[in-house]
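Number of protein chains: 2
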Amino acid sequence: MADQKKMVEDITSMEVDFAKWYTDICKKAELVEYTSVKGCMVIRPYGYAIWENIQRILDAKFKELGHENVCMPMFIPESLLQKEKDHVEGFAPEVAWVTHGGAEKLEERLCVRPTSETLFCEHYANIVHSHRDLPKLYNQWVSVVRWEKTTRPFLRSREFLWQEGHTIHATAEEAVAETEQMLNVYADFCEQHLQMPVVKGQKTESDKFAGAVSTYAIEALMHDGKALQAGTSHYFGDGFAKAFDIQYQSKENKLEYPHQTSWGVTTRLIGAIIMTHGDDNGLVLPPDVAPIQVVIIPVAQHKEGVLEKAYALRDQLSASFRVKVDDSDQSPGWKYSEYEMKGVPVRLEIGPRDIEANQCVLVTRHNREKTVVSLDNLADSVAEKISEVKQGIWEKALENRTRRTYKCTTMDEIKSVLAEKGDGFVHAMWCGDEACEDKVKEETGVGSRCIPFEQEQISDKCVCCGKPAKCMVLWGNAY
Amino acid sequence: MADQKKMVEDITSMEVDFAKWYTDICKKAELVEYTSVKGCMVIRPYGYAIWENIQRILDAKFKELGHENVCMPMFIPESLLQKEKDHVEGFAPEVAWVTHGGAEKLEERLCVRPTSETLFCEHYANIVHSHRDLPKLYNQWVSVVRWEKTTRPFLRSREFLWQEGHTIHATAEEAVAETEQMLNVYADFCEQHLQMPVVKGQKTESDKFAGAVSTYAIEALMHDGKALQAGTSHYFGDGFAKAFDIQYQSKENKLEYPHQTSWGVTTRLIGAIIMTHGDDNGLVLPPDVAPIQVVIIPVAQHKEGVLEKAYALRDQLSASFRVKVDDSDQSPGWKYSEYEMKGVPVRLEIGPRDIEANQCVLVTRHNREKTVVSLDNLADSVAEKISEVKQGIWEKALENRTRRTYKCTTMDEIKSVLAEKGDGFVHAMWCGDEACEDKVKEETGVGSRCIPFEQEQISDKCVCCGKPAKCMVLWGNAY
Numbered sequence: 087m088a089d090q091k092k093m094v095e096d097i098t099s100m101e102v103d104f105a106k107w108y109t110d111i112c113k114k115a116e117l118v119e120y121t122s123v124k125g126c127m128v129i130r131p132y133g134y135a136i137w138e139n140i141q142r143i144l145d146a147k148f149k150e151l152g153h154e155n156v157c158m159p160m161f162i163p164e165s166l167l168q169k170e171k172d173h174v175e176g177f178a179p180e181v182a183w184v185t186h187g188g189a190e191k192l193e194e195r196l197c198v199r200p201t202s203e204t205l206f207c208e209h210y211a212n213i214v215h216s217h218r219d220l221p222k223l224y225n226q227w228v229s230v231v232r233w234e235k236t237t238r239p240f241l242r243s244r245e246f247l248w249q250e251g252h253t254i255h256a257t258a259e260e261a262v263a264e265t266e267q268m269l270n271v272y273a274d275f276c277e278q279h280l281q282m283p284v285v286k287g288q289k290t291e292s293d294k295f296a297g298a299v300s301t302y303a304i305e306a307l308m309h310d311g312k313a314l315q316a317g318t319s320h321y322f323g324d325g326f327a328k329a330f331d332i333q334y335q336s337k338e339n340k341l342e343y344p345h346q347t348s349w350g351v352t353t354r355l356i357g358a359i360i361m362t363h364g365d366d367n368g369l370v371l372p373p374d375v376a377p378i379q380v381v382i383i384p385v386a387q388h389k390e391g392v393l394e395k396a397y398a399l400r401d402q403l404s405a406s407f408r409v410k411v412d413d414s415d416q417s418p419g420w421k422y423s424e425y426e427m428k429g430v431p432v433r434l435e436i437g438p439r440d441i442e443a444n445q446c447v448l449v450t451r452h453n454r455e456k457t458v459v460s461l462d463n464l465a466d467s468v469a470e471k472i473s474e475v476k477q478g479i480w481e482k483a484l485e486n487r488t489r490r491t492y493k494c495t496t497m498d499e500i501k502s503v504l505a506e507k508g509d510g511f512v513h514a515m516w517c518g519d520e521a522c523e524d525k526v527k528e529e530t531g532v533g534s535r536c537i538p539f540e541q542e543q544i545s546d547k548c549v550c551c552g553k554p555a556k557c558m559v560l561w562g563n564a565y
Numbered sequence: 087m088a089d090q091k092k093m094v095e096d097i098t099s100m101e102v103d104f105a106k107w108y109t110d111i112c113k114k115a116e117l118v119e120y121t122s123v124k125g126c127m128v129i130r131p132y133g134y135a136i137w138e139n140i141q142r143i144l145d146a147k148f149k150e151l152g153h154e155n156v157c158m159p160m161f162i163p164e165s166l167l168q169k170e171k172d173h174v175e176g177f178a179p180e181v182a183w184v185t186h187g188g189a190e191k192l193e194e195r196l197c198v199r200p201t202s203e204t205l206f207c208e209h210y211a212n213i214v215h216s217h218r219d220l221p222k223l224y225n226q227w228v229s230v231v232r233w234e235k236t237t238r239p240f241l242r243s244r245e246f247l248w249q250e251g252h253t254i255h256a257t258a259e260e261a262v263a264e265t266e267q268m269l270n271v272y273a274d275f276c277e278q279h280l281q282m283p284v285v286k287g288q289k290t291e292s293d294k295f296a297g298a299v300s301t302y303a304i305e306a307l308m309h310d311g312k313a314l315q316a317g318t319s320h321y322f323g324d325g326f327a328k329a330f331d332i333q334y335q336s337k338e339n340k341l342e343y344p345h346q347t348s349w350g351v352t353t354r355l356i357g358a359i360i361m362t363h364g365d366d367n368g369l370v371l372p373p374d375v376a377p378i379q380v381v382i383i384p385v386a387q388h389k390e391g392v393l394e395k396a397y398a399l400r401d402q403l404s405a406s407f408r409v410k411v412d413d414s415d416q417s418p419g420w421k422y423s424e425y426e427m428k429g430v431p432v433r434l435e436i437g438p439r440d441i442e443a444n445q446c447v448l449v450t451r452h453n454r455e456k457t458v459v460s461l462d463n464l465a466d467s468v469a470e471k472i473s474e475v476k477q478g479i480w481e482k483a484l485e486n487r488t489r490r491t492y493k494c495t496t497m498d499e500i501k502s503v504l505a506e507k508g509d510g511f512v513h514a515m516w517c518g519d520e521a522c523e524d525k526v527k528e529e530t531g532v533g534s535r536c537i538p539f540e541q542e543q544i545s546d547k548c549v550c551c552g553k554p555a556k557c558m559v560l561w562g563n564a565y
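Here the protein sequences line up with chains A and B, keeping their order.
Residue numbers for the first sequence follow the working numbering, beginning at 87 and rising by one.
Residue numbers for the second sequence follow the working numbering, beginning at 87 and rising by one.
Structural data, given as structure tokens:
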């Protein structure tokens, strides 16, 4: 127990300092390590394995829906970036510029891609000529670079990993349907695989992607009440097509501009997992993306037959789960803490007495509940525990969001509820005027996160100016 | 047939112009497309799917051997790159430099990684302290950048995709064993999954990786007789550990320097596949990495029941193979050419008469052999054809290499055999002197590819100077 205590003391409590708690987990659970490259990090094996599981599930879904993976260059010539006016204005201030190749100065500087719309557009202009060439449903898994001033592991770093889908369609209707479909894919992924409830909605004009007609987003609420944008899906109309001169011959033999979308999720999702489910003992991982789903801890492992039994159980369970035996020479107590820190959903303890009684102990990470189960039908018992973890962390996250969602009809109400109950999602009506959006942010601290698809008529007046309201907005203080 | 003829005419014959034939295939098989980023390319869905299959097989093998994936930053600060003297000398002349972030000039320039030894070393210095921390067996799948002057799709491009394994071990013996093991993994992969025979050997001093004690490589022979380095594995000794101050406490409580390795294969492998197996009708893909293993072409598809049967066969075969039905409105002849161009190993033709007779036609891509088979046990018949393709393309590649491997004992012999029979692998003895290595290259055109592990005592004298020979070298004109 001394060992266990020592480990636990190493993390800052989330109540004391949430930001410090977060970075402590990133380090202690061995998700990331800092480097001498400012604002960039090493994603360590345990962190990267979470990303691989996210990739595996999403990639299969993308392909099931007809998407194909490609790989574009990581560089964008300055002249290419400048072809779409809004787009370059949005991204140019935060790109990294390559100016030299070896000892030679380049004729034209290249930026390291902050996003790849311009490259996809150039490619589509080359390969799309006829209605037969449409749609193209492409995606790539790469890293991108944005020269951020302040950075935090997973949440905001100068380089981050993501997937970026880029599709091109004959009609606006098809492109809009794709934009919505992919937002739903992200929302379902977050809710079903990460047990993270999200709000689906549309970004306001001031907050949409540079060059988009409309941006859809999913917004999650972290344990501390701050909002986190977990995925976005953009509809471009034919703006990029016109800027890049992409045209196709329709069935009626007319030249038409196609319609485009793009959509992405990033390694931010790992930050969202930490802040949605983690606690003062460390990470709590959703089973579907946990690198280890069941950790087997042999008790009194020097005694005859214990390790053998542990290995046998691993081999048996490996058909259905990602399983690890920790047979290192650390104490069981140290190991309990270690895998709590790493957020392993289910711990299986097995010692000489258990073996004699044909049983073992299962402990679920999120609530530390212990159950003694028979070794007969063990896979079923573990599956049941995994389900309990999913259900348990989902309910806890949903409860946090419900408790921290406030309906407000006046500015004063927003201020007082935030002061009293802390950060959260504020539901309040809006007239659609950007000046009001800015004023809410300025006076109350919460900015518009999105206009939820699921609307509620809280009042008929804008929370700020009192003029007729157009819609309900989800407001929050965001990561 | 008119359509088919038209397609085939579009590729340059390999006998007429091998280089043109190669780039024709890259374009016509839709593997890559050029971009406005000089020396960089788009890897299109069909090309990228080949890479995904290569990744899937290799990644599983790496993990089976205990390796874990990580992700390092794509940037390296100039001061970090300079820490190991040989390494920076080797790479600095060909890196891309980032000098600005947004509008601001960086205090220190960053290069885009040409390879990541320096980043891994910095990380190892942070996380390796005790013998308990060793070994670390890491790998990453990323892209790297080298500012090449002349570029060709897959073979040499400014940005290319690869995996780079980086491991660190307590002892030199372990690190050497890892270096050898990974070379064997590459060789087995090339031979068993790509049906590409390779020669395993060690690079000469002048040709080894910048900073390595020794570099092992696998060398393949392309259809035109030129050599292609298909993978490398480097042993670093403790040179990098000393340069980066990585030390660990041994079991005996002494501070020791660990020993390191790195190893990699790249998207070059796709170039190697094209030039090993391709022919004048296009690509010929090894079944294990072919995006489509069986293409089903319905004949007279407008007739009742034909398309339904084609879909039913697809659904049946999909349990064991990657299958596609081409139900587009192109003619069967056009489709035959299209999938020959794309190198699909097995074509299945099914028309009304076949259905009536409970049969179909299977055509193997590499030899265009047609077999009529029963629809009963179809999966077995297809599996047999896939085996035939593997065997057939392996034998053809091996035959090409055997025919083009020449044993020579004098410089004149090298010159005359190359003049008479064309490019190929030359086996000739060497004294170990770099001057002779250079002279052979200068006078005959073939450079040293490697010192094969499998040695043969062709003579006891150096082919160049006549002094006592140290070893047999494999010489060739390389891509």
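Idealized CB from N, CA, C, for every residue including glycine.
Contact annotation: the segment 257 to 270 of chain A does not touch the segment 205 to 216 of chain A, with fewer than three C-beta pairs closer than 8 Å. For residue 497(B), the enclosing alpha helix (DSSP H) starts and ends at 497 to 507. Cβ-Cβ separation between residue 297(A) and residue 170(A): approximately 5 Å, consistent with a contact (criterion under 8 Å). Scanning the segment 403 to 437 of chain A from its first residue to its last, the whole beta strand (DSSP E) runs of 3-plus residues come out as 409 to 411 and 432 to 436. Rounded to the nearest whole angstrom, the C-alpha separation of residue 400(A) and residue 423(A) is 20 Å.
Residue 433(B) counts as buried, since at least 16 other C-beta atoms from the protein chains shown sit within 10 angstroms of its C-beta. Residue pairing by DSSP places residue 548(B) in no beta bridge whatsoever. Distances from the CA of residue 539(A) to each of 302(A), 163(A) and 512(A) were compared; the closest alpha carbon is that of 302(A). Per DSSP, the unbroken beta strand (DSSP E) holding residue 323(B) starts and ends at 313 to 323.
The Cβ atoms of residue 228(A) and residue 129(B) do not sit closer than 8 Å to each other.
Taking CB atoms only, residue 185(A) has a neighbour in chain B less than 8 Å away. By the C-beta criterion, the segment 450 to 457 of chain B is judged not to be in contact with the segment 389 to 399 of chain B, since fewer than 3 inter-stretch pairs fall below 8 Å. For the segment 301 to 376 of chain B, the full-length alpha helix (DSSP H) segments reaching 4 residues or more read 325 to 330 and 354 to 363 along the chain. Close to residue 179(A), with beta-carbon spacing below 7 Å, are these residues of chain B in chain order: 188 and 189. Taking the beta carbon of residue 166(B) as reference, the chain A residues within 7 Å of it are 122, listed in sequence order. With a contact defined as Cβ atoms closer than 8 Å, residue 428(A) and residue 115(A) qualify at about 5 Å. The beta-carbon of residue 129(A) is placed less than 8 Å from the nearest beta-carbon of chain B.
Within chain B, the residues whose beta carbon sits less than 9 Å from that of residue 233(A) are 186, 187, 188 and 190, listed in sequence order.
In the DSSP secondary-structure assignment, residue 534(B) is bridged to 561(B). From the beta-carbon of residue 198(A), the residues of chain B found nearer than 8 Å are 160, 184 and 198. When C-beta atoms of the segment 358 to 366 of chain B are compared with those of the segment 412 to 421 of chain B, fewer than three pairs fall below 8 Å, so the two segments do not count as touching. In this structure, DSSP gives residue 270(B) a helical state, which the three-state scheme calls helix. For residue 440(A), the closest of 350(A), 385(A) and 413(A) by C-alpha to C-alpha distance is 385(A).
Going by DSSP, residue 163(B) is part of the beta strand (DSSP E) stretching over 161 to 163. Counted as a single uninterrupted DSSP element, the alpha helix (DSSP H) harbouring residue 147(A) occupies residues 131 to 150. With respect to residue 334(A), residue 304(A) sits apart: the two C-beta atoms are not nearer than 8 Å. According to the DSSP secondary-structure assignment, residue 242(B) is paired through a beta bridge with 238(B). Near chain A, meaning a CB-to-CB distance below 8 Å, the residues of the segment 197 to 218 of chain B are 198, 205, 208, 209, 212 and 213. Ranking 375(B), 496(B) and 552(B) by CA distance to the CA of residue 517(B) puts 552(B) first.
Legend: CB atoms of the segment 405 to 424 of chain A lying less than 8 Å from CB atoms of chain B are not found in any residue. For the set 325(A), 186(A) and 306(A), the Cα lying nearest the Cα of residue 318(A) is the one of 306(A). In the structure shown, residue 251(B) adopts extended strand secondary structure according to DSSP, grouped into three states. When the Cα atoms are used, residue 226(B) and residue 436(B) turn out to be separated by approximately 44 Å.
Taking C-beta atoms as the reference points, residue 407(A) and residue 475(A) fail to come closer than 8 Å. A direct Cα-Cα distance of roughly 13 Å separates residue 519(B) from residue 527(B). Comparing C-alpha distances from residue 557(A) to each of 514(A), 525(A) and 533(A) shows the shortest one belongs to 514(A).
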